[in-house]
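Below is one structure, written out as structure tokens; the observations come after it.
Chains as they are written, first to last, in the numbering used here: chain L, 371 to 622; chain F, 371 to 622; chain R, 371 to 622; chain P, 371 to 622.
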């Protein structure tokens, strides 16, 4: 129980904005993935790799995916460029127990939409307004270290209706200065995999440098590692089974 | 409230077994879709059409789908032959408010898997054993007319683990003589659409002739019609919105 | 299906403020219960009675409770004066299928806390600020007639953390001008009974005169009537059962 | 993260059967609580105490409850003898973050019914029949170490309808030889506390000596310890709050 091997984390970032736009470079000079990797690498129980769109198979080869416990996903402009074959691979890995943390505009990524089964639309506005994330599930491990709420001083707004299946667990609801609310921290189980959507993040605002945001992401990685420990076997298939002589079922 | 227009029902059946196999013909001489259509047509609040795989666009043209309130789906051998374009059309219709009732082996249909986001596997056995469906949500409209349980004398077994997202509402749990259990009546909302999975049914057993099974399907059609009455607009899109002068959000 | 008998509605109001405080009288001259009764009585499918704290058994005798399909509950200052015997009676009725709609400060009523099993605390502020109720479950019958959100111009604030069990269905989330959010429309099933908590309402503000608020309450009454139609028997007891000769369970 | 202090476990047992009935003594010579304590004491991360009905305050004084992380509850014949004051104390502790594991006939204990808000009835039969517990949530920590199902060779039957609120997480569904099913492993959050109901157990059958049953209980203790780590403050109260000068809420 206490001596698990480190959590193998892979951070996918499309890494497009950061090379094109000076404003993004100023905030995330090595890319959003490297900022996130930076604070995750300081956790003694995590080992961290990164992957980007321009790499072969977007850095998400069979070997990488098979050896990942928790994947983080950031995408925005280039969702459509992610190859379907890679999406299928990541999807199968989640069902098999890999954790997935979808960040901010990853609500519109192929992998998130495939896991949700819905269109995942929302309303949005860029006005650098204030956001407050309220805890509505106070003993959830992902809220560990957070009191009643925390604030992001300047943010892009995402508003309801957010077209997702009802979360299995709703952890945060955001308040925005301009008048909207949003289910900002949502958890689901899909197959054996544990999935978390976390709203905060923006390419031109230093949101991933904020300690509370980092804390939530660190918590989420630890939480999402749970699926990989599942001991139930064979759920990917649809086996034909028979009744054993004494009326007991056996898998053939 | 009391004078709604009739529920427009479309029953899709792949209609393959019934033409190939005498045993199936003996039970469902005009196809499973016509047996189901038969008892639904006796409901004064329903108007019923059918669609089959061999028709152009599988009988599910834009006009048909757009004018359907609730669709029932039966498929077994030929899931792979359903065109992706039709699946996309039905999926969009569900998100927009059309009800969908997936029957028995439709757990493995493209449309059901797309709505669930999981692999939808299960274990199974054909031993003509007894099944009991226990009500675990006694005031659910879909259980109307059923007491604590009902029995199917001979059935194909479907067993857990059933790889689905946790249902929003679990209505029936099945017991099987050979030792398995199954979440046999499961409800979800996806977008504005209400989705129900109902396990009973088999091509060579007269399950759709059984009054309790018919009752549940009739209830489910009425229940699933709810999504189409939704008055919230624009959830399919991701609109950019602005803050109005007095601090009030408006959709542009 | 179409010709149900009218829904028997009973509105409980402690009716204390309205007799003591001129400001409350100005807004609700005959009591909050009469304002609510007024718009419910205009519904052809509803028959409406009222009950107040000062009546014998608070107007909630066995006969009244037994003949009620849906009860609305308003209380604020005098929760502690409601007799436990009456609370037990209402509780048993809910488990047996009576609907219950808890309004505003009824979050702290004995009956609501007993049904929830939690302390039902929240934070609050009286600053006559603006509230917006966002629909997060767009096809829910209780949101019928509402578009993406509606506004209450001046309201008392209720904020998270609201100490309730996770709702079975979350329909509305409120945004408040001062910086809070709140789960303002929450649905649960308890036994056969359907329970809805609806946050808006205040004794000195004309909130129950507002058309959108009235619409939601009317919808909620129709929705909550469902439990009374349940056909499953005997769930109040814990019967001993035996195995019948042919291996079939029977209730003795 | 890795070096938590031990989980403080308190096992309550009414300890009535074991002193009256030789058959119970033969299976649980020192009482059911000591059998459970025995396997929990072998866990290096747990410290275990016991409490019984006949002790002052049933062994559940303020000091004991305040220093408990997870409480297990066994009761059967003597639910009515548990003092309401102790029930209130345990209830408040659960809302404040203490875990509670209700075993078998504890479904009818005062504390479980108070947390659920329902009558918690079920059907039952003593026929020493076979039970199978099927995993329906394969990556849940409480199912760790279990494959698709496990069997109890001889058991008392508990059947649906089990009158509980829909579980937040359903982990096990039981199959019984005589024809029933039961939601046998159910999890809820109440306040900050995590609650688990686990069906297996009987006073005259050696169920708590069975390794799989012990494994589930050990898992459940670790899982239920989570609530005590919550960092959100003040949810027990209903504080009045004000808007700060810069439009920011503060708790007074």
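Note that CB positions come from ideal geometry on N, CA and C, so glycine has one too.
Through-space distance from residue j to residue i, alpha-carbon basis
i, j, result
"residue 578 of chain F", "residue 551 of chain P", "24 Å"
"residue 506 of chain R", "residue 590 of chain R", "16 Å"
"residue 565 of chain F", "residue 475 of chain F", "15 Å"
"residue 597 of chain R", "residue 586 of chain R", "18 Å"
"residue 459 of chain P", "residue 560 of chain P", "15 Å"
"residue 519 of chain P", "residue 612 of chain L", "15 Å"
"residue 481 of chain F", "residue 401 of chain F", "21 Å"
"residue 465 of chain R", "residue 478 of chain R", "19 Å"
"residue 435 of chain F", "residue 442 of chain L", "37 Å"
"residue 453 of chain F", "residue 382 of chain P", "60 Å"
"residue 509 of chain R", "residue 501 of chain R", "22 Å"
"residue 380 of chain P", "residue 513 of chain P", "22 Å"
"residue 485 of chain P", "residue 515 of chain L", "26 Å"
"residue 467 of chain R", "residue 556 of chain R", "18 Å"
"residue 491 of chain P", "residue 540 of chain F", "18 Å"
"residue 499 of chain L", "residue 583 of chain R", "29 Å"
"residue 449 of chain P", "residue 463 of chain P", "19 Å"
"residue 415 of chain F", "residue 406 of chain F", "15 Å"
"residue 425 of chain P", "residue 563 of chain R", "39 Å"
"residue 410 of chain P", "residue 417 of chain P", "8 Å"
"residue 532 of chain L", "residue 413 of chain F", "36 Å"
"residue 521 of chain R", "residue 427 of chain L", "48 Å"
"residue 549 of chain R", "residue 517 of chain L", "15 Å"
Exposure of residue i, with buried meaning 16 or more beta-carbon neighbours within 10 Å
i, result
"residue 422 of chain P", "buried"
"residue 391 of chain F", "exposed"
"residue 374 of chain F", "exposed"
"residue 378 of chain L", "buried"
"residue 483 of chain P", "buried"
"residue 447 of chain F", "exposed"
"residue 433 of chain P", "exposed"
"residue 530 of chain F", "buried"
"residue 618 of chain L", "In this predicted model, residue 618 of chain L has a pLDDT of only 43, less than 50, meaning its place in the structure is not dependable; the value taken from the coordinates is given anyway. Under this definition residue 618 of chain L is an exposed residue."
Close beta carbons around residue i, own chain, < 7 Å, minus the five adjacent residues each side
i, result
"residue 496 of chain F", "526"
"residue 394 of chain L", "387, 388, 573 and 574"
"residue 376 of chain L", "415, 416 and 417"
Same chain only: Cβ atoms within 8 Å of residue i, ignoring 5 sequence neighbours per side
i, result
"residue 451 of chain P", "384 and 423"
"residue 621 of chain L", "Because residue 621 of chain L carries a pLDDT of 42, less than 50, the predicted location of this residue cannot be relied on, and the following value inherits that uncertainty. Only 604, 609 and 611 meet the Cβ criterion."
"residue 616 of chain R", "In this predicted model, residue 616 of chain R has a pLDDT of only 48, less than 50, meaning its place in the structure is not dependable; the value taken from the coordinates is given anyway. Result list for residue 616 of chain R: empty, nothing under 8 Å."
"residue 601 of chain P", "none"
"residue 511 of chain L", "589, 592 and 593"
"residue 524 of chain L", "498, 499, 500 and 575"
Distance cut-off 7 Å: residue i Cβ against heavy atoms of the ligand SAM
i, result
"residue 392 of chain F", "Annotation note on the ligand SAM: not contained in the displayed structure, which lists no ligands."
Residue j beta carbon less than 8 Å from that of residue i
i, j, result
"residue 503 of chain P", "residue 542 of chain P", "yes"
"residue 487 of chain L", "residue 537 of chain L", "no"
"residue 439 of chain R", "residue 469 of chain R", "yes"
"residue 576 of chain P", "residue 397 of chain P", "yes"
"residue 528 of chain P", "residue 494 of chain P", "yes"
"residue 430 of chain L", "residue 571 of chain L", "no"
"residue 606 of chain P", "residue 489 of chain R", "yes"
C-beta neighbour in chain C for residue i, strict 8 Å
i, result
"residue 518 of chain L", "Going by chain labels, chain C is absent from the structure shown, which instead holds the protein chains L, F, R and P."
Cβ shell of residue i (< 6 Å), same chain only, five flanking positions each side left out
i, result
"residue 554 of chain P", "503, 542, 544 and 569"
"residue 403 of chain L", "381, 383 and 420"
"residue 567 of chain R", "472 and 556"
"residue 445 of chain L", "384, 476 and 479"
*Between the segment 584 to 595 of chain P and chain L, which residues of the former have a C-beta closer than 9 Å to a C-beta of the latter?*
592
*In chain order, what residues of the segment 554 to 568 of chain P put their CB closer than 8 Å to some CB of chain R?*
558, 559, 560 and 561
*Taking any Cβ of chain F, which residues in the segment 521 to 534 of chain P have a Cβ under 7 Å from it, in chain order?*
530 and 531
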